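Enquirer:
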Amino acid sequence: VWIVAPTLFLCAFLIVSALHFAGDPANDVTRISRGLYGGAAIILPALWHGEELQRLLGLVAGPDSAAFVAPVLGQLAAPWLAATILVCVVQFRTSRLAACELAGLVALSVAAPPLVAFCAYFCLMHSPRHILRTLANLQAAESRQGLALAVWPTLAVLIAAALLFWLANDLPLEARVMQTVFVGLAALTLPHMALIECARRAASSAVPATSN
Numbered sequence: 374v375w376i377v378a379p380t381l382f383l384c385a386f387l388i389v390s391a392l393h394f395a396g397d398p399a400n401d402v403t404r405i406s407r408g409l410y411g412g413a414a415i416i417l418p419a420l421w422h423g424e425e426l427q428r429l430l431g432l433v434a435g436p437d438s439a440a441f442v443a444p445v446l447g448q449l450a451a452p453w454l455a456a457t458i459l460v461c462v463v464q465f466r467t468s469r470l471a472a473c474e475l476a477g478l479v480a481l482s483v484a485a486p487p488l489v490a491f492c493a494y495f496c497l498m499h500s501p502r503h504i505l506r507t508l509a510n511l512q513a514a515e516s517r518q519g520l521a522l523a524v525w526p527t528l529a530v531l532i533a534a535a536l537l538f539w540l541a542n543d544l545p546l547e548a549r550v551m552q553t554v555f556v557g558l559a560a561l562t563l564p565h566m567a568l569i570e571c572a573r574r575a576a577s578s579a580v581p582a583t584s585n
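By the numbering used here, the letter at position 94 of the sequence shown is numbered 467, and the numbering carries on one by one without gaps.
1. If you check the beta carbons only, do A471 and L481 fall under 7 Å apart?
2. Give a yes or no on contact between the region 455–472 and the region 397–415, applying the rule of three or more CB pairs nearer than 8 Å.
3. Assuming A439 and L430 are in contact, meaning their beta carbons sit under 8 Å apart, how far apart are those beta carbons, in whole angstroms?
4. Would P418 be called buried (16 or more neighbouring beta carbons within 10 Å of its own) or exposed?
5. May I ask you to report which of helix, strand or coil DSSP gives D397?
6. To the nearest angstrom, report how far apart H565 and V389 are at their CA atoms.
7. How should I415 be labelled, buried or exposed, when 16 other C-beta atoms within 10 angstroms of its C-beta is the threshold for buried?
8. By alpha-carbon positions, which one of Y494, P379, P487 and A535 ends up nearest to E474?
9. Note down the Cα distance separating I376 from C492, rounded to an integer number of angstroms.
10. Could you tell me whether the region 509–518 touches the region 394–404, using the rule of 3 or more Cβ pairs below 8 Å?
11. With a 10 Å radius around its C-beta and 16 neighbouring C-beta atoms as the bar for buried, classify F382 as buried or exposed.
12. Taking the alpha carbon of A559 as the reference point, which residue from V433, N400 and L420 has its own alpha carbon closest?
13. With DSSP run on the structure shown, which of helix, strand or coil describes L420?
14. Determine the burial state of A413: buried for a count of at least 16 other Cβ atoms within 10 Å of its Cβ, exposed for fewer.
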């Protein structure tokens with residue numbers, strides 16, 4: 374899809390990513406807060422860094438696709454920020470931690486350069502939360518086994534990334550990095566999201582069965 378229809382790829386990747394990120398907050402957070410949270414890391418960088426965001430999206434999906442998507446994100450940024458600030462104020466009354474986390478994500482996404490903001494969110498907030506939640510649902514022995522099993526696909530990803538760098542040696546380094554990372558994330562996001570949602574549904578359906 375990335376090669377044949379890059380604009381469709383970019384739009385789908387951003388939408389699916391926002392939906393997936395919306396699952397990060399705690400269970401007591403409202404759906405509206407989740408939706409705004411999920412889109413913050415993707416939409417809010419367009420508020421002050423629209424040109425840089427368009428340039429980066431162009432490295433991933435081509436300048437034509439970026440010229441279509443980036444202005445749309447720019448139009449959404451201001452109302453998204455206003456709605457998120459309002460939700461932060463309301464959320465503060467029920468969960469100060471959730472409100473502060475949302476406010477921190479907003480500040481990061483608006484102030485920092487787009488690539489820095491996304492990397493900080495993904496590596497310091499999103500990924501560690503998934504790992505910790507998974508380990509919390511496992512026994513000690515299973516946790517150690519899970520971490521050991523994670524080593525092999527990690528090594529496979531590093532080898533695949535090195536191969537992609539070698540095959541795309543005619544492109545500038547920054548373009549190769551962006552394409553390898555974000556196209557790789559897109560390939561990962563859909564099965565990852567499907568797996569997480571299946572696990573959530575299985576866990577929720579198991580509660581009544583256990584109580585009976």
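Ideal placement from N, C-alpha and C gives every residue a C-beta, glycine not left out. Since the model is a prediction, treat every value here as computed from it, not as a measurement.
Expert: Taking the geometry as given:
1. no
2. yes
3. 4 Å
4. buried
5. coil
6. 11 Å
7. buried
8. Y494
9. 24 Å
10. no
11. buried
12. V433
13. coil
14. buried
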